[in-house]
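**Q** Residues in the sequence shown are numbered consecutively from 76, following our numbering. All C-beta atoms, glycine included, are put in the ideal place defined by N, C-alpha and C. Because the structure is a prediction, the values reported are computed rather than measured.
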Amino acid sequence: GGPTRVGIVVSRRVGGATVRNRVKRHVREAVRALYPSFAEGHDVVFVARPSAATATLISTETSVKHLLRQARVLVESEIARP
76 GGPTRVGIVV SRRVGGATVR NRVKRHVREA VRALYPSFAE GHDVVFVARP
126 SAATATLIST ETSVKHLLRQ ARVLVESEIA RP
C-alpha cells in the first residue's frame with residue numbers, strides 16, 4: 076500500500092548543471108502527467124543516461140511511459156492511448 080514514490084538520479088556524466096536540471100525537469104513533468112495512472116505502493120528510481128542530455132521533452136515522456144509499463148507501475152486501463 077501507500078503512494079508510489081519516485082526518485083530521479085542524474086550524474087555529472089550527463090552534462091553540466093543546466094543540462095542535469097533540464098533532464099530532471101523533463102522526467103518530473105513526464106511523471107507528473109502519468110502519476111494518476113500509477114499503481115500504489117511502488118518505489119521507482121529513474122537513472123538518467125548521458126543520451127538524456129540531448130533528448131526532447133516528448134521523447135523523455137515516451138521513454139518514461141515505456142519504462143513504467145515494463146515495470147508494471149502503470150494501471151493500463153487508465154492510460155489514454157493516442
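(1) Considering only residues of the same chain and omitting the five flanking positions on each side of residue 108, which have a CB-CB separation below 8 Å?
(2) Quick check: residue 139 and residue 105, are their CB atoms within less than 7 Å of each other?
(3) Specify the secondary structure class of residue 80 as computed by DSSP and reduced to three states.
(4) Mind listing, in chain order, the continuous alpha helix (DSSP H) runs of no fewer than 4 residues lying wholly within the region 88-113?
(5) Among 90, 77, 147, whose alpha-carbon lies nearest the alpha-carbon of residue 123?
(6) From residue 130 to residue 93, what distance separates their C-alpha atoms?
(7) From the DSSP secondary-structure annotation, give me the bridge partner or partners of residue 85.
**A** So, from the listed chains and residues:
(1) 136
(2) yes
(3) strand
(4) 92-109
(5) 90
(6) 14 Å
(7) According to DSSP, which records beta bridges pairwise, residue 85 is partnered with nothing at all.
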